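Peer 1: Take this structure first; my questions come after.
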Amino acid sequence: MKPALLRLRTTLAAATALALVACASAPAKLSSPRLSDDVPLAGVAVGTRAGWPDTEWWRAYDDPQLDALMDRALREAPDLALARSRVQSAEQSARLAAAQMGLTVDGNVQYSRQRMSEHGLIPSRFLGFTWYSQADLGVQLKYDFDWWGKKRATVEAALDQAHAAEARRSAAALALQYAVASTYFGWQADRARLALADHALAAARQLLHIAQLRVHQGVDLADTAEQAQAQLAQLEQMRTAIEGSAKIRRVVLASLLGVAPAGLPELETRPLPTVASGLPQNASLDLVARRPDIAASRWQVEAALKQTDVARAQFFPDLSLTALAGLSSIDMGKLLTSGSRVFAVTPALHLPIFEGGALEANYGLSRAQLDSAVAQYRSTVLAAARDVATQALGAEQLAAQREQQRARLAADQRLLAHAQARLRRGVRDARESLAAELELLQQRDAATQLHAQALATDLALIKALGGGYRNDSRSETSSTSPAPGAQHEPH
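So the mapping is simple: the numbering used here equals the position in the sequence shown, first residue as 1, plus 976.
Laid out in structure tokens, this is it:
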């Protein structure tokens, strides 16, 4: 056997033995962690709501002003633009990881002019020249054999991160939609309360005028006018607070749209819409697929699992192959001749023999990150369940309070009608009917506040139910716990 061939076989045998040693010390491949597919909603009534929210759920309120504000916010809001940039960054990271797989081809064209030292290892006088030119023209090919799936897992992890970023963008869009609708309807509630406050002030001024006349004529004590004055001042203070609240809501609404308050279009006062109640069918089972924050957490688990595969693959040897073909000459006139041809083939094997514990530490870090992602997912699921249950129970309580308020309003309306009837017959003066009117207006204001609270709770419940987001895809790499992929989500 030729010595060169013997040395080659010896080298290959030693490399194989070292590779087997490295493989023997690698940790076992992790299976997909089991993740919850439902949320605990025990004790909350379900099935009383007509379906899940649509993607553009705000259009169900049939308010063109809200539609226009929402469309503008989704186009121009700074927070949503930031979320989109994060999605684009994650997508480009995935493209970069995919581009680093497989065959790499590089072209090289180089020309250099160099002077040799007269006092170097080979003095220029022995060569007969001091200056010379070097021209190189070639193509280099490199291919890494991804036998252990390290690069494939890196690409899949980057894709999962991109999916998580897209789900977070959907969560940011939903939060923006909720904020716009909540602020807008809060402004409408303030406008309705301002109208009631103006009626109440008119009645209070009439009462004050009557009280001042009676005191002036000596019929009543001066305290009667002071009490009427205090009541008027209290109503004026309440109106000022409501007006301030409406102005603040306009400023908030402008900031959500990313414009100055002066750039916000004029809004017309509209009645508050009716409020739905209850939860859709299978809320505890479908909520996992309808919450973008849960989807993002689940994709993070998948990405962390792929990173453990990347860390595990570090224990195995890497094999790469580099090939070079080109032309090289110090004589430009002979560069394109056959004698200037250059060829090289370089197989390379990287063996992780001694890393000072770095491989184990890196793998341990990836395991810890996976455990953290799983814990974050479970925390997100519990938070989603708590959010839905809180809003659903709050809606039930508000519905009961509104029913009681309606009964009280009906009673106050009857009292006002009786007082006005006695005023028309001349049995009583205007004070009784004005006092009854003030009481009715106060109860209408309370009813408006309850209506606004119920509407705010309904908006919060829509947000808690995912606001039209939907995940139907399942990860092919997970046999025990599916991972979501956004199929239908808010714009």
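Ideal Cβ placement from N, Cα and C applies to all residues, glycine included.
Predicted model only: the values in this text are computed from it and were never measured.
1) Quick check: the segment 1183-1198 against the segment 1083-1093, are at least 3 beta-carbon pairs closer than 8 Å?
2) Give me the Cα-Cα distance between S1158 and L1435, rounded to the nearest whole angstrom.
3) Ends of the alpha helix (DSSP H) at Q1367?
4) Please state the DSSP three-state secondary structure of P1009.
5) What are the partner residues of A1320, as DSSP defines its beta bridges?
6) Do L1391 and A1406 come within 7 Å of each other at the CB atom, strictly closer than that value?
7) Three-state secondary structure (DSSP) at R1445?
8) Would A1138 and E1067 be called neighbours here (beta carbons separated by less than 7 Å)?
9) Could you name the residues of the same chain whose beta carbon sits closer than 7 Å to that of G1333, not counting the 5 residues immediately before and after it, in chain order?
10) Consider the C-beta atom of A1412 and the heavy atoms of the ligand GDP; say whether any pair is separated by less than 6 Å.
11) Could you work out which residue in L1295, V1286, R1382, D1388 is closest to L1341 when comparing CA atoms only?
12) Determine the DSSP secondary structure at R1407, reduced to helix, strand or coil.
13) Using beta-carbon positions only, say whether L1172 and I1218 come within less than 7 Å of one another.
14) What are the start and end residues of each continuous beta strand (DSSP E) run of 3 or more residues lying completely inside the segment 1157-1185, in chain order?
15) Take S1221 and list the residues in its own chain whose beta-carbon comes closer than 7 Å to its own, dropping the five residues that flank it on each side.
16) Are the segment 1041-1048 and the segment 1375-1388 touching, with three or more C-beta to C-beta distances below 8 Å?
17) Give me the Cα-Cα distance between W1028 and L1079, rounded to the nearest whole angstrom.
18) By a C-beta neighbour count over all protein chains shown, 10 Å radius and 16 as the cutoff for buried, is I1438 buried or exposed?
19) Kindly indicate which three-state DSSP category T1313 falls into: helix, strand or coil?
20) When the distance is taken between beta carbons, is I1306 closer than 7 Å to Y1119?
21) Tell me whether A1462 is buried or exposed, calling it buried when 16 or more other Cβ atoms sit within 10 Å of its Cβ.
Peer 2: Taking the definition as stated:
1) no
2) Stepping through the sequence shown from its first residue, residue 1158 is reached at position 182. Stepping through the sequence shown from its first residue, residue 1435 is reached at position 459. Using only the alpha carbons, I get a separation of about 7 Å.
3) Along the sequence shown, one-based indexing puts residue 1367 at 391. Residues 1334-1401.
4) Here residue 1009 corresponds to residue number 33 of the sequence shown, with the count starting at 1. DSSP places P1009 outside both helix and strand once states are collapsed to three, so it counts as coil.
5) The residue labelled residue 1320 in the question sits at position 344 within the sequence shown. DSSP output for A1320 lists L1300 as bridge partner(s).
6) To locate residue 1406, count along the sequence shown from 1; it is residue 430. To locate residue 1391, count along the sequence shown from 1; it is residue 415. For A1406 and L1391, no; Cβs fall outside 7 Å.
7) Here residue 1445 refers to the residue found at position 469 of the sequence shown. According to the sequence as given, residue 1445 is Tyr; it is not Arg. Y1445 falls in the coil class under three-state DSSP.
8) Here the question's residue 1138 lines up with position 162 in the sequence shown. Here the question's residue 1067 lines up with position 91 in the sequence shown. Cβ distance < 7 Å, so A1138 and E1067 count as in contact.
9) Position 357 of the sequence shown holds residue 1333. Within the same chain, G1333 has no close Cβ partners at all.
10) Ligands are entirely absent from the displayed structure, and the ligand GDP is therefore not among its contents.
11) Along the sequence shown, read from residue 1 onward, the residue named residue 1341 stands at position 365. The option with the nearest alpha carbon to L1341 is V1286.
12) Indexing the sequence shown from 1 puts residue 1407 at position 431. R1407 falls in the helix class under three-state DSSP.
13) In the sequence shown, residue 1172 corresponds to position 196, counting from 1. In the sequence shown, residue 1218 corresponds to position 242, counting from 1. Going by C-beta atoms, L1172 is not nearer than 7 Å to I1218.
14) none
15) Position 245 of the sequence shown, counted from the first residue, corresponds to residue 1221. Counting only residues of its own chain and dropping the five nearest sequence neighbours on each side, S1221 has a CB closer than 7 Å to the CB of D1166.
16) Not touching, per the Cβ criterion.
17) On the sequence shown, position 52 is the one that residue 1028 refers to. On the sequence shown, position 103 is the one that residue 1079 refers to. Straight-line Cα distance between these residues: approximately 48 Å.
18) Sequence index remark: in the sequence shown, residue 1438 carries index 462 (1-based). Label assigned to I1438: buried.
19) What you label residue 1313 is simply residue 337 of the sequence shown in a count that begins at 1. Of the three classes helix, strand and coil, the one that applies to T1313 here is coil, per DSSP.
20) Indexing the sequence shown from 1 puts residue 1119 at position 143. Indexing the sequence shown from 1 puts residue 1306 at position 330. Between Y1119 and I1306, the C-beta spacing is not below 7 Å.
21) Within the sequence shown, the letter at position 486 stands for residue 1462. Its pLDDT being 38, under 50, A1462 is placed unreliably in this model, and the value from its coordinates should be taken loosely. When all chains shown are included, A1462 counts as buried.
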